[in-house]
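Anchor point for the first sequence: position 54 equals 61 in my numbering, and the numbering is continuous, going up by one each time.
Every residue, glycine too, gets a C-beta built ideally from N, C-alpha and C.
These numbers come from a predicted model, not from an experiment.
Some notes on the structure that comes next.
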Amino acid sequence: MKRRLPRSFYDRPTLEVARELIGKVLVHRTPHGVASGIIVEAEAYIGEEDPACHAAAGLTKRNYLLYGRPGIAYVYFNYGMHYLVNAVTEAEGSPAAVLIRALEPLTGLAVMRRRRAALSPNGHDLAAHALCRGPGNLTRALGITLEQNSADLCGCHLFVEDRGLALEPVGWSPRIGINVGTDRPWRCFVAGHGAVSGRR
DNA sequence: CGTTCGATGCACT
DNA sequence: GTGCATCGAACGT
């Protein structure tokens, strides 16, 4: 049972998409091999009224993809060293997205360790659950960079599959790593899962 | 156990 | 010039 998520999946209220992405499988095919993992943590960023959303300051050269078609990858560079990947949600003109924050590695563990080792010396020795724990770590492990910005998640290189998995229990909390909009419980995660980011 | 802090580059004001 | 949707090492208790 493998089904690539259609664009209609992303063309929905963002909180719904965030919840539904839990348990789905993010896949990245590159010349170095295929790497994939089950999504265990995600955050919703919704509209210009959400102070933590990149659309809070209105349309810019950096965030224009948020205003466009759902089902597109919005990737940006942060803190001088990390790429973060989002799935654009809701109809055109409604700027919103879901940040993918953590995966349980499924395939391509070897290439993931190779990529992680390129930055941290102990990358080769990382436990499976540590490979894609955190939004910066998972893009590193999957080889996602600005090259994937604007990639179509309904295409054949970077996409999300439904394999009929249902991880539980699912919890909600405020979003992590932001200083505004912390009152909104828009972080969705598999409670107790070893690959979820945050305090151990 | 907890908190602080440096690395590092770019979009935005 | 400022401030990040981070990470991990270093330090304090």
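Residue i, buried or exposed, once every other Cβ within 10 Å from all chains shown has been counted against 16
| i | result |
| --- | --- |
| ASP132 | exposed |
| HIS39 | exposed |
| ASP190 | exposed |
| ASN129 | exposed |
| THR152 | exposed |
| CYS139 | buried |
| ARG14 | exposed |
| ARG28 | The identity of residue 28 in the sequence shown is Leu, whereas the question assumes Arg. By the neighbour-count rule (16 or more Cβ atoms within 10 Å), LEU28 is buried. |
| VAL187 | exposed |
| GLU97 | buried |
| ALA125 | exposed |
Same chain, Cβ closer than 6 Å to residue i, five either side skipped, listed in chain order
| i | result |
| --- | --- |
| VAL203 | VAL47, GLU48, ALA109 and PHE196 |
| ALA158 | ALA80 and LEU165 |
| ALA42 | HIS35, GLY115, VAL118, MET119 and LEU149 |
| CYS155 | The sequence given here places Gln at residue 155; Cys does not occur at that position. Taken in chain order, the residues that qualify are ALA80, VAL82 and LEU165. |
| GLU111 | GLY44, ILE45, VAL47 and ALA202 |
| ARG10 | ASP169 |
| ILE185 | ALA59 |
Unbroken beta strand (DSSP E) run spanning residue i, endpoints
| i | result |
| --- | --- |
| GLU97 | First-last for GLU97: undefined, no H or E at that position. |
| TYR52 | 40-53 |
| SER101 | Taken as a continuous stretch (DSSP letters only), SER101 belongs to no beta strand (DSSP E), as it is neither H nor E. |
| SER180 | 177-180 |
| ARG191 | Taken as a continuous stretch (DSSP letters only), ARG191 belongs to no beta strand (DSSP E), as it is neither H nor E. |
| TYR83 | 80-85 |
| ARG2 | With the chain represented from 8 up to 207, any question about residue 2 goes unanswered, as that position is not in the structure. |
| ASP169 | 165-169 |
First and last residue of the uninterrupted alpha helix (DSSP H) at residue i
| i | result |
| --- | --- |
| SER15 | 14-17 |
| ALA62 | No alpha helix (DSSP H) contains ALA62, which DSSP labels as neither H nor E. |
| THR21 | 21-28 |
Close Cβ partners of residue i (< 8 Å) along its chain, the five nearest in sequence each way excluded
| i | result |
| --- | --- |
| GLY199 | PRO176 |
| LEU172 | GLY30, LYS31, VAL32 and ILE45 |
| ARG69 | HIS61 and TYR83 |
Residue from the options with nearest C-alpha to residue i
| i | options | result |
| --- | --- | --- |
| HIS136 | ARG19, VAL105, GLY44 and ALA124 | GLY44 |
| THR146 | VAL92, THR21, ALA63 and GLU27 | VAL92 |
| ILE183 | ARG120, ALA125, PHE16 and GLY143 | GLY143 |
| PRO58 | ALA103, HIS89 and ARG122 | ALA103 |
| VAL82 | SER101, GLU99 and ILE107 | ILE107 |
| PRO77 | GLY141, GLU154, VAL24 and LEU174 | VAL24 |
Sequence-distant residues of its chain with Cβ nearer than 7 Å to residue i (five each side left out)
| i | result |
| --- | --- |
| LEU66 | TYR74 |
| LEU22 | ALA51 and TRP193 |
| GLY178 | PHE196 and ALA198 |
| GLU55 | ALA62, ALA63, GLY65 and PRO102 |
Complete beta strand (DSSP E) runs within the region 111-155 (minimum length 3 residues, chain order): none
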